[in-house]
Amino acid sequence: MLESDEDLLPPRALHPMFFGSFDWHSCVHGWWLLLRLARLYPDLATSAATRELAASTFSADKVATEVAWFLRPSARGFERPYGWAWLLALHHEARHHGFGAVLDPLAAIIARGFHGYLPALTYPIRTGAHANTGFALCLIAPWARANDPALLALMAARAEAWFGGDKDAQAWEPDGDAFLSPTLVEALAMARLHGQGFADWFAAFLPEAGGRRPASLFTPAEVSDRTDGKIAHLDGLNLSRAWCWRGISAALAGGEAAMADVAEAHLAASLPHIAGDYAGAHWLASFALLALAGDDES
């Protein structure tokens, strides 16, 4: 939202750390991708270049400009909750590289936003895209566990209030432009926030999962046009479902081999297509890494 003519500036002026990858949140999780790859594969040819670029990008003055944007009253809902969640995931990863402290002020702003937003959200958002509540909870759980026990407790309480009584999910999905499964990200959020009672909850939530029903959850989405930015979301759906199925399987006692097979099928459907047209190339690699290597709680 622009408040005056003075706000009509190029993205690199308004967001000096997070510009150049189509939108703010894609820049944020693009950085998460680069830093996580550099940590997982320190000998990768690009890892040294990543650290050099991060050292010049994550600076106090640039963080101050980003913070100033979020302090504007009109920015209350800016990138909420998707970009917020990715920022905390990036902050969590950046600490492994020595860049966490410089991002602390921005992470504090985002965490304060979640403390206010979650209690005010009477109903969860179950869309298959950016506004999804369950995905945000999944993504920020590692950060909250390490940095903000009060936020973690709030997340668990809100997840129980929103999802605790859900049973016999019908899984009317996928939407035509979804990159998230509302059913599976809800289940993964409950696995991460209510681990001890998750198996019983899941048995009521998807009682026929052992028979691969509802079938839509076990069948990779078909992507008809990867040059269309919305239809290309469906590759992200396949990748994020693979991440969810692996996380859900790990949370169930003894694991579920069938779920692992489903995750592999979803990976196979979309992993070969993360590069190519910019409609997907600017963001799909982050979801591919989630599916393949997980985050710090996968």
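So that you can map any letter, position 13 of the sequence shown is 8 in our numbering, and since no number is skipped, the others follow by simple counting. Where a beta carbon is used, it is the ideal one built from N, C-alpha and C, also for glycine. Bear in mind that the values here come from a model prediction, so they are computed numbers and not experimental data.
Note down, in chain order, each residue of its chain lying with its Cβ closer than 8 Å to the Cβ of R221, except the 5 sequence neighbours on either side.
-> Along the sequence shown, one-based indexing puts residue 221 at 226. Hits under 8 Å: A227, D230, H268, G271, D272, A274 and G275.
Could you tell me whether the Cβ atoms of A131 and A80 are closer together than 8 Å?
-> Numbered from 1 along the sequence shown, position 136 holds the residue referred to as residue 131. Numbered from 1 along the sequence shown, position 85 holds the residue referred to as residue 80. The answer is yes: Cβ separation under 8 Å.
Can you give the Cα-Cα distance for G78 and A106, rounded to whole angstroms?
-> Stepping through the sequence shown from its first residue, residue 78 is reached at position 83. Stepping through the sequence shown from its first residue, residue 106 is reached at position 111. Using only the alpha carbons, I get a separation of about 12 Å.
Which whole-angstrom value is the C-beta distance of L101 and P169, which I expect to be below 8 Å?
-> Walking along the sequence shown from the start, residue 101 turns up at place 106. Walking along the sequence shown from the start, residue 169 turns up at place 174. Not really, about 33 Å apart at Cβ, beyond 8 Å.
Please state whether DSSP places T41 in a helix, a strand or coil.
-> To locate residue 41, count along the sequence shown from 1; it is residue 46. Under the three-state reduction of DSSP output, T41 falls in the coil class, being neither helix nor strand.
Pick out whichever of I104, L28, W196 and L234 has its Cα sitting closest to the Cα of T60.
-> The residue labelled residue 60 in the question sits at position 65 within the sequence shown. With distances taken between Cα atoms, T60 lies closest to I104.
Grouping DSSP H, G and I as helix and E and B as strand, with all else coil, what is F200?
-> The residue labelled residue 200 in the question sits at position 205 within the sequence shown. Three-state DSSP puts F200 in a helix.
Check whether the stretch 86 to 99 touches the stretch 115 to 132, counting contact only when three or more Cβ pairs, one atom from each stretch, lie closer than 8 Å.
-> no
Member of V180, D161 and A84 whose CA lies at the smallest distance from the CA of R140 = Translated into positions along the sequence shown, residue 140 becomes position 145. It is A84 whose Cα lies nearest to the Cα of R140.
Is it the case that the Cβ atoms of L32 and L284 are separated by a distance below 8 Å?
-> Position 37 of the sequence shown holds residue 32. Position 289 of the sequence shown holds residue 284. By the CB criterion at 8 Å, L32 and L284 fall inside the cutoff.
Contact check, D291 vs P137 under 8 Å by CB: the rounded distance?
-> If you number the sequence shown from 1, residue 291 lands on position 296. If you number the sequence shown from 1, residue 137 lands on position 142. Indeed they touch by this definition, with Cβ atoms about 4 Å apart.
Which whole-angstrom value is the C-beta distance of E69 and E(-2), which I expect to be below 8 Å?
-> Position 74 of the sequence shown, counted from the first residue, corresponds to residue 69. Position 3 of the sequence shown, counted from the first residue, corresponds to residue -2. The question names Glu, yet the displayed sequence has Ser at residue 69. Going by Cβ atoms, the distance from S69 to E(-2) rounds to 5 Å, so yes, they are a contact pair.
Assigned secondary structure, R57 (DSSP; H/G/I helix, E/B strand, else coil) | If you number the sequence shown from 1, residue 57 lands on position 62. For clarity, residue 57 is Lys in the given sequence; the question names Arg instead. Helix.
If we ignore side chains and look at the alpha-carbon of each, how far apart do T52 and R34 end up?
-> Sequence index remark: in the sequence shown, residue 52 carries index 57 (1-based). Sequence index remark: in the sequence shown, residue 34 carries index 39 (1-based). Approximately 18 Å between the Cα atoms of the pair.
Span of the alpha helix (DSSP H) around D220 | The residue you call residue 220 lines up with position 225 of the sequence shown. Per DSSP, D220 belongs to no alpha helix (DSSP H) and is neither H nor E.
When the Cα atoms are used, what is the spatial distance from P177 to F197?
-> Here residue 177 corresponds to residue number 182 of the sequence shown, with the count starting at 1. Here residue 197 corresponds to residue number 202 of the sequence shown, with the count starting at 1. Using only the alpha carbons, I get a separation of about 14 Å.
Among V180, L28 and G111, the one whose alpha carbon lies nearest that of H277 = Within the sequence shown, the letter at position 282 stands for residue 277. The candidate whose alpha carbon is nearest that of H277 is L28.
How should S235 be labelled, buried or exposed, when 16 other C-beta atoms within 10 angstroms of its C-beta is the threshold for buried?
-> Reading the sequence shown from its first residue, position 240 is the one you call residue 235. When all chains shown are included, S235 counts as buried.
Considering only the beta carbon of each residue, do V58 and L98 sit closer than 8 Å?
-> Walking along the sequence shown from the start, residue 58 turns up at place 63. Walking along the sequence shown from the start, residue 98 turns up at place 103. Cβ atoms of V58 and L98: closer than 8 Å.
Would you decide whether L179 is buried or exposed? Buried here means 16 or more other CB atoms lie within 10 Å of its CB.
-> Reading the sequence shown from its first residue, position 184 is the one you call residue 179. Counting Cβ neighbours within 10 Å, L179 comes out buried, since at least 16 surround it.
For R71 versus L113, is the C-beta distance shorter than 8 Å?
-> As a first step, residue 71 is located in the sequence shown; it is residue number 76 there, counting from the start. As a first step, residue 113 is located in the sequence shown; it is residue number 118 there, counting from the start. Cβ distance not < 8 Å, so R71 and L113 don't count as in contact.
Apply the 10 Å Cβ neighbour rule to L39 and answer buried if 16 or more other Cβ atoms are within range, or exposed otherwise.
-> Taking the first residue of the sequence shown as 1, we reach residue 39 at position 44. Label assigned to L39: exposed.
Whole-angstrom distance between A246 and G190, CA atom to CA atom = Residue numbering aside, residue 190 sits at position 195 when the sequence shown is read from its first letter. Residue numbering aside, residue 246 sits at position 251 when the sequence shown is read from its first letter. Spanning the two alpha carbons is a distance of roughly 7 Å.
Grab me the residues of R46's own chain with a C-beta within less than 7 Å of its C-beta, minus the 5 sequence neighbours each way, in chain order.
-> Along the sequence shown, one-based indexing puts residue 46 at 51. Within its own chain, the residues whose Cβ lies closer than 7 Å to the Cβ of R46, once the five positions on either side in sequence are excluded, are A33 and H92, listed in chain order.
How many whole angstroms separate the CB atoms of M257 and W240, which I take to be in contact at a CB cut-off of 8 Å?
-> As a working mapping, residue 257 is identified with position 262 in the sequence shown. As a working mapping, residue 240 is identified with position 245 in the sequence shown. Residue identity check: residue 257 is Val in the sequence provided, not Met. That belief holds up - the Cβ atoms of V257 and W240 are roughly 5 Å apart, short of 8 Å.
Nearest candidate by alpha-carbon position, reference D163, set G123, R208 and S281 | Here residue 163 is taken as the residue at index 168 of the sequence shown, counted from 1. Distance check between D163 and each of G123, R208 and S281 places R208 closest, using alpha-carbon atoms only.
Secondary structure at P76, three-state DSSP: helix, strand or coil?
-> Taking the sequence shown and counting its residues from 1, one reaches residue 76 at position 81. In the structure shown, P76 sits in coil (DSSP, three-state: anything other than H, G, I, E or B).
From L156 to L48, what distance separates their C-alpha atoms?
-> Within the sequence shown, numbered from 1, the residue matching residue 156 stands at position 161. Within the sequence shown, numbered from 1, the residue matching residue 48 stands at position 53. First, the amino acid is wrong: residue 156 is Ala here, not Leu. A156 and L48: Cα-Cα distance of roughly 43 Å.
Report the residue from A148, P215 and R7 whose alpha carbon sits nearest the alpha carbon of F174.
-> For the purposes of this step, residue 174 is taken as residue 179 along the sequence shown, with counting starting at 1. The option with the nearest alpha carbon to F174 is P215.
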